[in-house]
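J.: Sequential numbering from 32 applies to the sequence shown in the numbering used here. Sharing a structure, written as C-alpha cells. Questions coming.
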Amino acid sequence: MKKIVSVSLGSSTRDHQVEVDWLGERIDIRRIGFDGSLDRAIAALHALDGTVDAIGLGGIDVYLYAGKHRYALRDGLRMLDAVKETPVVDGSGLKNTLERETITYLQNNGIIDFKGLPVLMVSALDRFGMAQALVEAGADVTFGDFIFALGIDKPVKTLSEFEALADRYLPDACKLPFQFFYPTGKKQERAPEPKFPQYYRDARLIAGDFHFIRQNMPDDLSGKTIITNTVTQHNVDELRDRHVARLVTTTPNLGGRSFGTNVMEAAMLAILGKRWDEVTDGDYRALLARLDFRPYVSDLVAHAAT
Numbered sequence: 032m033k034k035i036v037s038v039s040l041g042s043s044t045r046d047h048q049v050e051v052d053w054l055g056e057r058i059d060i061r062r063i064g065f066d067g068s069l070d071r072a073i074a075a076l077h078a079l080d081g082t083v084d085a086i087g088l089g090g091i092d093v094y095l096y097a098g099k100h101r102y103a104l105r106d107g108l109r110m111l112d113a114v115k116e117t118p119v120v121d122g123s124g125l126k127n128t129l130e131r132e133t134i135t136y137l138q139n140n141g142i143i144d145f146k147g148l149p150v151l152m153v154s155a156l157d158r159f160g161m162a163q164a165l166v167e168a169g170a171d172v173t174f175g176d177f178i179f180a181l182g183i184d185k186p187v188k189t190l191s192e193f194e195a196l197a198d199r200y201l202p203d204a205c206k207l208p209f210q211f212f213y214p215t216g217k218k219q220e221r222a223p224e225p226k227f228p229q230y231y232r233d234a235r236l237i238a239g240d241f242h243f244i245r246q247n248m249p250d251d252l253s254g255k256t257i258i259t260n261t262v263t264q265h266n267v268d269e270l271r272d273r274h275v276a277r278l279v280t281t282t283p284n285l286g287g288r289s290f291g292t293n294v295m296e297a298a299m300l301a302i303l304g305k306r307w308d309e310v311t312d313g314d315y316r317a318l319l320a321r322l323d324f325r326p327y328v329s330d331l332v333a334h335a336a337t
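This is the structure in C-alpha cells:
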C-alpha cells in the first residue's frame, strides 16, 4: 500500500484520512494540519521524510505563477527543503493541468457556458492554469489577488495587467510570512468577514482557493456557482445556507470531502514513481486520463442555474 501524507499549515479540525484504489494500487491518504505553525510542520516533515511514499505541502504554496514567470515563496521553500528523500509536491502541477482541464470539461459538456460569464477569480496567482482557461473560454474575469490578499480595492481585468503587476510586486512580497496573505490554522475556522461584497454580488461564478472565497464571502450568494476544492461537509452546508446554486470541485470527492491538489498530486507522484522535478505536464495529463478524473458537480439548491 502506498502511503501519502499532506502536511498542512491549515487547521487540524480539517484532518481526514481515506483509502482509495487507483489503477489497482491501494493508497492510504492522510491530511495533518498544524494550525499555522511552520516550525511544527517542518518538524513533522523531518519525521516523515523517508517513511512514506510521497508528501504534499498543504495550506501553503511553494511557487506562484504569472505567465511564464515563477515566484518562490520563502516559507514554502523552507518546507520543501525540509524533505530530502521522499518525493514532495505543493499541488501546482495539478493546478496547471487538472484545473485547466476542468474548465474545458465543463464547457465542452454543456455544464457551464463561460462565454461572457462574469467570473470572480479570488486569486489567480496560485491557480494560473485555471485563470488562463477561463479567459480562453471567453469569461469576463475579475482577478481579485490584490483585493483579497492585500486588501487593496484594485480589480484586475486582463492577464497582461495581472502579469505586469505580479512582476512588479511579487519578488518582494514572496519574502513575507505566508500568513500575511493567506488564512492558516485557526483563521480557517473563523466566521466569514465579508469584504468588498460588490465583487461577489456582480459575479455569477466565483472561482479559486476555498479559504480565500470563504473568509470574505457575504451572507447572500444566491444563484452563484463556485469552482474550488478542499471543501468539507460543513463548508458545503455553509454554502447552501448562503443559497449557492452549484458547487464544482476540481478534485474528486473522497470519503465525503474533496482533498487539496497537493494531496492528489502526491498520490499521482507515488503512482508515477518519479520525483517532482522529473514529472512533466504530459505525465500528469496521461495519468489523469487513465484515472478518468472528472470535476465533482453538486447542485446545492433546486433548479440550480449557471
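Cβ coordinates follow ideal geometry from the N, Cα and C atoms, glycine included.
In the structure shown, what three-state DSSP assignment does residue 242 receive?
T.: Stepping through the sequence shown from its first residue, residue 242 is reached at position 211. Correct three-state label for residue 242: helix.
J.: Tell me which residues share the same chain as residue 219 and place their Cβ nearer than 6 Å to its Cβ, disregarding the 5 neighbours each side in the sequence.
T.: Taking the sequence shown and counting its residues from 1, one reaches residue 219 at position 188. Closer than 6 Å at the Cβ level, and outside the excluded window around residue 219, lie 41, 42 and 242.
J.: Residue 145 and residue 180 - do their beta-carbons sit closer together than 8 Å?
T.: Translated into the one-based positions of the sequence shown, residue 180 becomes position 149. Translated into the one-based positions of the sequence shown, residue 145 becomes position 114. For residue 180 and residue 145, no; Cβs fall outside 8 Å.
J.: Compare the C-alpha of residue 248 against each of 272, 263 and 116 and name the closest.
T.: Start at 1 with the first residue of the sequence shown, and residue 248 comes out as number 217. The shortest Cα separation from residue 248 among 272, 263 and 116 belongs to 272.
J.: When you compare each of 240, 263, 227 and 259 to residue 250 by their alpha carbons, which one comes out closest?
T.: Your numbering for residue 250 matches position 219 in the sequence shown. The option with the nearest alpha carbon to residue 250 is 227.
J.: Can you give the Cα-Cα distance for residue 325 and residue 182, rounded to whole angstroms?
T.: Stepping through the sequence shown from its first residue, residue 325 is reached at position 294. Stepping through the sequence shown from its first residue, residue 182 is reached at position 151. Straight-line Cα distance between these residues: approximately 34 Å.
J.: Can you check whether the C-beta of residue 215 is within less than 8 Å of a C-beta belonging to chain B?
T.: Chain labels in this structure do not include chain B; a single protein chain is all it has.
J.: Tell me which same chain residues have a C-beta within less than 7 Å of the C-beta of residue 142, skipping the five on either side of it?
T.: What you label residue 142 is simply residue 111 of the sequence shown in a count that begins at 1. Cβ within range, chain order: 328.
J.: Give the DSSP-derived three-state secondary structure of residue 212 in the structure shown.
T.: Position 181 of the sequence shown, counted from the first residue, corresponds to residue 212. Three-state DSSP puts residue 212 in coil, outside helix and strand.
J.: Output the distance between the C-alpha atoms of residue 96 and residue 283, rounded to the nearest integer angstrom.
T.: In the sequence shown, residue 96 corresponds to position 65, counting from 1. In the sequence shown, residue 283 corresponds to position 252, counting from 1. About 24 Å.
J.: Can you list, in chain order, the residues of its chain with a C-beta nearer than 6 Å to that of residue 194? Leave out the 5 residues immediately preceding and following it.
T.: The residue labelled residue 194 in the question sits at position 163 within the sequence shown. Result list for residue 194: 97 and 98, in chain order.
J.: What does the alpha-carbon distance come out to for the pair residue 174 and residue 185?
T.: Translated into the one-based positions of the sequence shown, residue 174 becomes position 143. Translated into the one-based positions of the sequence shown, residue 185 becomes position 154. So the two alpha carbons sit approximately 9 Å from each other.
J.: Specify the secondary structure class of residue 62 as computed by DSSP and reduced to three states.
T.: Residue 62 sits at position 31 when you count from the first residue of the sequence shown. Residue state, collapsed to three classes: strand.
J.: Give the secondary structure of residue 156 by DSSP, where H, G and I count as helix, E and B as strand, and everything else as coil.
T.: Locating residue 156 in the sequence shown gives position 125, counting from the first residue. Reduced to three states, the DSSP call for residue 156 is coil.
J.: Please report how far the alpha carbon of residue 217 lies from the alpha carbon of residue 322, in whole angstroms.
T.: Locating residue 217 in the sequence shown gives position 186, counting from the first residue. Locating residue 322 in the sequence shown gives position 291, counting from the first residue. Near 34 Å, if we compare the C-alpha coordinates of residue 322 and residue 217.
J.: For the segment 42 to 57 and the segment 68 to 85, state whether three or more C-beta atom pairs, one from each stretch, are separated by less than 8 Å.
T.: They do not touch, by the three-pair rule.
J.: Quick test of the definition: if touching needs 3 or more C-beta pairs under 8 Å, does the segment 229 to 237 touch the segment 127 to 142?
T.: Because the criterion of three Cβ pairs below 8 Å is not met, the segment 229 to 237 and the segment 127 to 142 do not touch.
J.: For residue 34, which of helix, strand or coil comes out of DSSP?
T.: Counted from its first residue, the sequence shown places residue 34 at position 3. Strand.
J.: If you measure between the beta carbons of residue 93 and residue 108, is that distance less than 8 Å?
T.: Translated into the one-based positions of the sequence shown, residue 93 becomes position 62. Translated into the one-based positions of the sequence shown, residue 108 becomes position 77. Cβ atoms of residue 93 and residue 108: closer than 8 Å.
J.: From the DSSP output, which residues share a beta bridge with residue 50?
T.: By 1-based counting over the sequence shown, the position of residue 50 is 19. Answer is 59.
J.: Please name the residue, chosen from 113, 196 and 150, that lies closest to residue 100 on a Cα-to-Cα basis.
T.: Residue 100 sits at position 69 when you count from the first residue of the sequence shown. Ranking the options by Cα distance to residue 100, first place goes to 196.
J.: Can you list the beta strand (DSSP E) stretches of 3 or more residues lying completely in the segment 248 to 277, in chain order?
T.: Here the runs fully enclosed are 256 to 259.
J.: Rounded to a whole number of angstroms, what is the C-alpha to C-alpha distance between residue 288 and residue 259?
T.: As a first step, residue 288 is located in the sequence shown; it is residue number 257 there, counting from the start. As a first step, residue 259 is located in the sequence shown; it is residue number 228 there, counting from the start. Residue 288 and residue 259: Cα-Cα distance of roughly 12 Å.
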